[in-house]
Amino acid sequence: MHERFDEITQKELADNRAAQHVVKVCVAAGCLSSQSAEVKTALEQGVNGRSCKVKGVGCLGLCSEGPLVAIEKHLPDGSSQNIMYQNVTPEDAPAIMESLDKEPVARLLCPTDVPFFQRQQKIVLENSGEIDPERIEEYIAADGYRALITAVTEMAPFEVIEQITRSGLRGRGGGGYPTGLKWVTVAKAPGPDKFVICNADEGDPGAFMDRAVLESDPHRVLEGMAIAAYATGANEGYIYVRGEYPLAIARLKTAIRQAQRMGLLGSNIAGTTFSFNINIRLGAGAFVCGEETALIASIEGRRGQPRPRPPYPAEYGLWGKPTLINNVETFANVPTIIRKGGDWYASIGTAKSKGTKVFALAGSIVNTGLIEVPMGTSLRDIVYEIGGGLPNGGVCKAVQTGGPSGGCIPASYFDTPVDYESLKELGSIMGSGGMIVMDESASMVDVARFFMEFCMTESCGKCVPCRVGTVHMYNILSKIYQGEGTPRDVELLEKLCDMVSVTSLCGLGQSAPNPVVSTLRYFRHEYDELIAGANGSQTAVAPTTEVAS
Amino acid sequence: MFPNEKIDPPSDDKRWRIVQATMRRNGFARHSLIETLHTVQESFGFLDEDSLRYVSRSLRVPLSAVYGVSTFYHLFSLKPAGKHTCVMCTGTACYIKGIPKLLEQIKEEHDISPGQTTADGELSLLTARCVGSCGLAPVGVFDGEVVGKLTPELLAARLQLWRNGNHA
Amino acid sequence: MKRQANVRIKTLKIDGIDVGAREGETILELARENGIHIPTLCHLDGVSDWGGCRLCLIEIKGSNRLVPACMAQAEEGMEVFTKTPRLVTYRKMILDLLLSERNHVCAVCVSNGHCDLQSMAQELGNTHVGLPYLNPSLPVDATHPYFIMDHNRCILCQRCVRVCREIEGAQTKGAMGRGIEVRIIHDLNEPWGQSLTCTSCGKCVQVCPTGALLQRGKAVGEMVKRRDFLPYLQMMRED
Ligand SMILES: Cc1cc2nc3c(=O)[nH]c(=O)nc-3n(C[C@H](O)[C@H](O)[C@H](O)COP(=O)(O)O)c2cc1C
Ligand code: SF4
Ligand code: SF4
Ligand code: FES
Ligand code: FES
Chain A
1 MHERFDEITQ KELADNRAAQ HVVKVCVAAG CLSSQSAEVK TALEQGVNGR
51 SCKVKGVGCL GLCSEGPLVA IEKHLPDGSS QNIMYQNVTP EDAPAIMESL
101 DKEPVARLLC PTDVPFFQRQ QKIVLENSGE IDPERIEEYI AADGYRALIT
151 AVTEMAPFEV IEQITRSGLR GRGGGGYPTG LKWVTVAKAP GPDKFVICNA
201 DEGDPGAFMD RAVLESDPHR VLEGMAIAAY ATGANEGYIY VRGEYPLAIA
251 RLKTAIRQAQ RMGLLGSNIA GTTFSFNINI RLGAGAFVCG EETALIASIE
301 GRRGQPRPRP PYPAEYGLWG KPTLINNVET FANVPTIIRK GGDWYASIGT
351 AKSKGTKVFA LAGSIVNTGL IEVPMGTSLR DIVYEIGGGL PNGGVCKAVQ
401 TGGPSGGCIP ASYFDTPVDY ESLKELGSIM GSGGMIVMDE SASMVDVARF
451 FMEFCMTESC GKCVPCRVGT VHMYNILSKI YQGEGTPRDV ELLEKLCDMV
501 SVTSLCGLGQ SAPNPVVSTL RYFRHEYDEL IAGANGSQTA VAPTTEVAS
Chain B
1001 MFPNEKIDPP SDDKRWRIVQ ATMRRNGFAR HSLIETLHTV QESFGFLDED
1051 SLRYVSRSLR VPLSAVYGVS TFYHLFSLKP AGKHTCVMCT GTACYIKGIP
1101 KLLEQIKEEH DISPGQTTAD GELSLLTARC VGSCGLAPVG VFDGEVVGKL
1151 TPELLAARLQ LWRNGNHA
Chain C
2001 MKRQANVRIK TLKIDGIDVG AREGETILEL ARENGIHIPT LCHLDGVSDW
2051 GGCRLCLIEI KGSNRLVPAC MAQAEEGMEV FTKTPRLVTY RKMILDLLLS
2101 ERNHVCAVCV SNGHCDLQSM AQELGNTHVG LPYLNPSLPV DATHPYFIMD
2151 HNRCILCQRC VRVCREIEGA QTKGAMGRGI EVRIIHDLNE PWGQSLTCTS
2201 CGKCVQVCPT GALLQRGKAV GEMVKRRDFL PYLQMMRED
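Chains as they are written, first to last, in our numbering: chain A, 1 to 549; chain B, 1001 to 1168; chain C, 2001 to 2239.
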């Protein structure tokens, strides 16, 4: 197998070098929504016999300045030179093509020697923006599927798990549960039928990391799943993708087909006795289906309602069989860990949080888009260095992490290193990687209300505290925000927060109060001011949902 | 091969063949309910009573379960949508960047709230929790086309274009 | 209550009392066998458990998570507490949430005096509701020749759904929507009287803890429910 991969790699490299210029157009969702497909067509039409190859690639990171086009110029001495253009329109195509052998088009240049690009360390996103996500050959040429072949032909399952355990990798879906430990549990569970599920439901309403990975480098996730299946003894897998991600779904389907054709999925992978197939299941617009027992119910064709754990899916999961559930980004780390070794991975990050983490930067920040940084990078570096600070020199008030299950971290804590434990101590969570920057104009009460509205409408309705408690909390927050709250309301709110978080059945209800608790902790004065009526000028935004009133 | 294949679709509309194909591919298994409903929704734009009964019989899933699933997931709709649909993103980034104001604007200009369709059946307004283009917030999706960095003017122009037929 | 041939005894403590459990026994079953009362609403002997009402939550030493007694398995060496002050407070609040959710006006209810929700309020000492009422406007379905469904009094415990599915096998009843919008439905959300699948067996009416499901023609306070048939049916069906 390795020889065949070498052949493919040689051919890809030769093809690539054959052209003097490789023009890479981002065709991930962000840039596609600013007409990057048209840009690509225009560039292709402009080739005109030049020694130049135009190809679509995954996310280049700086989504707010899209469409992005990266150009790799091969110099005679074998080295290459890279430049990047931003905000490219189809009309710019001729100018770009004209300039290939001359000076770059200055007005379109996107500086790449800035912290946004320099301070990142890419593992999960290493191929994103480099390879064409619709061609398995390019993934293979970028060392893809080597880890899988090595694992199934040269390593015993327990040795694979050993590497994952050593790497210190923790779940990127939000909880941060040690991945190695989870794999061991599933591997030890008795029975011949086991499943591997990739959680690609990406429910946090302000996060798009998993989407970018699936759209930019889908094979990496398939490879991670296959390695996990080999390690745990599973032979069937499911990817549960948000129905709102049609492009990711299409690319996954293509990728699965290609991998099957090359014998990297299916029966007797690489001539061994190991067989593994992957199915796609679509979500249908329910945040709670990111919760693992609800996700399983949904794959089984039922209403996505969680059930009490234990038993955990590792013992009793899909169709009652032992099931491994990991997040997209968790799986995406696996091939690199197997290729470079667990110890290598463990050398990155902090004592308890290893490796890198992808964040989706959005809100009031200059560079919005995707970044991947080592664990332990400070919020200040992320916001001011990599993120480029706030637009128009605005002052940052807080950063929201963890979405509806997380909290708001005030600017005064920005020197905190970002890792699972530190964020938790601050009353937020790492979450899946959504990071929303808020300036002075943001009302923290409104933010809390926004997330409560989210949890209320996303509650599955099974258990009383979450179903009814979130409605009461939302009503109280609305009342306060509209300047009609009383000190008693805050008291009641605090009581409900405690009660809903302790007594709810699943993580949705248990963490629904987090945004309220964290804003009460750091921005209590905003609640008090609204209650004292001091903030009379605030215009109330009409409630988006009216509930039983 | 599958006895369920004999159950006649509600009409001889060709689109039922696509629905049948989905069910056949899944061996008419009960657990393919959500997959099947996705296909119906995609083919017909919504789930009407006839289709729910048909799917229920074909997959041997009780009516109450079919209805329960159809109303649990927000991507399924039991009502036909307007000729055009505008989906406004109400994810965090878009919320912070002013979606509530844009929703108010639509309410004022077209008298519809999320989930509603204008009386002339031209325009349906929906909301989605993050369409994954937060970098371009605020974002709207107009008949499937994602438009970022929305402004009140851009929004007004877009929607007016669709409604002109009836308002000129 | 499951009869288990395999009697492997586990020993644990509930509220300081030493008790012995069979394999697979839940803490609720075990507590009841030993005369320890744990409040429940969604649990119903004879059908599967749901775990939604959260009234049966208990504490286990060494874990800060509360677990529902109706679904938690008894394990060797566990130390279970069923009535700590914090549990009592939470139970009262949960009941408040239920009472505020819909329109429970006992004085005009046919189940007055025979309602599990009402007796729960008495048991837990909830004399008044500490939360604003949500006052939803909900319909009453009186289309069935024998029975009435009043959504105003439904607590969504899903006992009716489970008995309809697991014991009667009709699967007429189900739930639609999610969150605060969940409603009990018949078939495709049709009037009960039009349901072609309902066998009119009345099991759901008997197991409903409140006045949400009732027999026609009952006056205030007259609706007494009988549930003894359920454990009986279950016992007779066991292999
Ligand atoms: C309400 C809720 C929503 C969740 N949504 C997601 C999600 O969108 N994606 C995800 O990977 N994990 C999500 N999770 C976490 C999963 O339940 C699960 O812990 C995770 O997929 C495990 O993978 P990991 O160990 O690789 O993180 C959610 C959990 C809860 C309680
Ligand atoms: S906490 Fe909320 S989402 Fe989770 S089971 Fe309870 S009602 Fe459903
Ligand atoms: S109708 Fe009665 S049994 Fe059914 S869910 Fe409502 S309260 Fe429970
Ligand atoms: S919040 Fe609107 S696209 Fe993500
Ligand atoms: S009786 Fe256990 S949760 Fe309701």
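Positions of the beta carbon are idealized from the N, C-alpha and C atoms, including for glycine.
Computed from a predicted model, the values in this text were never measured in an experiment.
Closest by C-alpha distance to residue i, when choosing among the options
i                  : options                                    : result
ILE1096 of chain B : B:HIS1031, B:TRP1016, B:CYS1130            : B:CYS1130
ARG2153 of chain C : C:PRO2145, C:VAL2140, C:TYR2146            : C:VAL2140
GLY427 of chain A  : A:TYR522, A:ARG50, A:ASN127                : A:TYR522
ILE131 of chain A  : A:LYS188, A:LYS194, A:GLU12                : A:GLU12
PRO2191 of chain C : C:SER2119, C:MET2149, C:VAL2129            : C:MET2149
CYS2208 of chain C : C:SER2111, C:ASN2103, C:GLY2016            : C:SER2111
GLN2171 of chain C : B:LEU1155, B:THR1092, B:SER1064            : B:SER1064
GLY406 of chain A  : A:GLY56, A:SER422, A:ASP415                : A:SER422
HIS1082 of chain B : B:ARG1025, B:PHE1044, B:LEU1154            : Going by the sequence as given, residue 1082 of chain B is Gly instead of His. It is B:PHE1044 whose Cα lies nearest to the Cα of GLY1082 of chain B.
CYS2115 of chain C : C:PHE2147, C:LYS2225, C:GLU2238, C:GLY2179 : C:LYS2225
LEU341 of chain A  : A:ALA351, A:GLY355, A:VAL328               : Checking the sequence shown, residue 341 of chain A turns out to be Gly, not Leu. If we check each option's Cα against that of GLY341 of chain A, A:GLY355 comes out closest.
ASP525 of chain A  : A:LYS55, A:ALA151, A:VAL490                : First, the residue type needs correcting, since residue 525 of chain A is His and not Asp in the sequence shown. When only C-alpha atoms are compared, the closest one is A:VAL490.
Straight-line Cα distance separating residue j from residue i
i                  : j                  : result
LEU169 of chain A  : SER441 of chain A  : 38 Å
ARG166 of chain A  : ALA226 of chain A  : 19 Å
VAL1141 of chain B : VAL373 of chain A  : 31 Å
TYR1073 of chain B : CYS1094 of chain B : 22 Å
VAL2105 of chain C : GLU484 of chain A  : 28 Å
GLY2240 of chain C : ILE348 of chain A  : This structure gives no information on residue 2240 of chain C, because the portion of chain C shown stretches from 2001 to 2239.
ILE8 of chain A    : THR273 of chain A  : 24 Å
GLY393 of chain A  : GLY66 of chain A   : 22 Å
LEU1126 of chain B : CYS1086 of chain B : 6 Å
VAL1061 of chain B : ILE531 of chain A  : 52 Å
VAL160 of chain A  : SER353 of chain A  : 20 Å
LEU68 of chain A   : GLY363 of chain A  : 20 Å
ARG2165 of chain C : LEU2012 of chain C : 34 Å
LEU324 of chain A  : ILE296 of chain A  : 11 Å
GLN81 of chain A   : ASP15 of chain A   : 17 Å
ALA142 of chain A  : ASN1164 of chain B : 52 Å
THR1071 of chain B : ILE2184 of chain C : 12 Å
CYS408 of chain A  : GLU425 of chain A  : 12 Å
Residue i beta carbon near ligand 2 (any heavy atom closer than 7 Å)
i                  : result
ARG2165 of chain C : no
VAL2161 of chain C : no
Proximal residues to residue i (C-beta, below 8 Å), its chain only, five neighbours per side dropped
i                 : result
GLY388 of chain A : VAL114, PRO115, PHE116, ILE365, VAL366, ASN367
PRO90 of chain A  : GLN35, GLU38, VAL39, THR41, ALA42
Any non-hydrogen atom of ligand 5 closer than 7 Å to residue i Cβ
i                  : result
PRO2068 of chain C : yes
CYS2154 of chain C : no
Cβ neighbours of residue i in the same chain (closer than 6 Å, five flanking residues each side left out)
i                  : result
CYS2042 of chain C : TRP2050, GLY2052, CYS2053, CYS2157
ARG281 of chain A  : TYR238, TYR240, ILE299
GLY174 of chain A  : GLY431, SER432
THR185 of chain A  : ALA314
ASP1012 of chain B : none
THR293 of chain A  : PRO306, ARG307
Contact test: residue i Cβ vs ligand 3 heavy atom, cutoff 7 Å
i                  : result
VAL2047 of chain C : no
Sequence-distant residues of its chain with Cβ nearer than 7 Å to residue i (five each side left out)
i                  : result
LYS2002 of chain C : Note that LYS2002 of chain C scores a pLDDT of 47, beneath 50, so its modelled location is shaky; the value from the coordinates is reported in the next line. Around LYS2002 of chain C: GLY2024.
ARG251 of chain A  : PRO133, GLU134, LEU214, GLU215, PRO218
LEU1136 of chain B : GLY1148, LYS1149
heavy atom of ligand 4 below 7 Å from residue i C-beta
i                  : result
PRO1100 of chain B : no
Any non-hydrogen atom of ligand 6 within 7 Å of residue i CB
i                  : result
THR1151 of chain B : The model on display carries ligand 1, ligand 2, ligand 3, ligand 4 and ligand 5 but not ligand 6.
Can you list, in chain order, the residues of the region 419-441 of chain A whose Cβ is nearer than 8 Å to any Cβ on chain C?
Answer set for the region 419-441 of chain A: empty.
Which residues, in chain order, does the region 1070-1089 of chain B contribute to contact with chain A at a C-beta distance below 7 Å? Within the region 1070-1089 of chain B, the qualifying residues are PHE1072, TYR1073, HIS1074, LEU1075, PHE1076.
**Prompt:** Between the region 261-285 of chain A and chain B, which residues of the former have a C-beta closer than 9 Å to a C-beta of the latter?
**Reply:** Answer in chain order: ARG281, LEU282, GLY283, ALA284, GLY285.
Residues in the region 496-510 of chain A having any Cβ partner in chain C nearer than 7 Å: Those would be MET499, VAL502, THR503, LEU505, in chain order.
| Near-chain B residues of the region 2138-2160 of chain C - C-beta to any C-beta below 7 Å | Those would be none; no residue qualifies.
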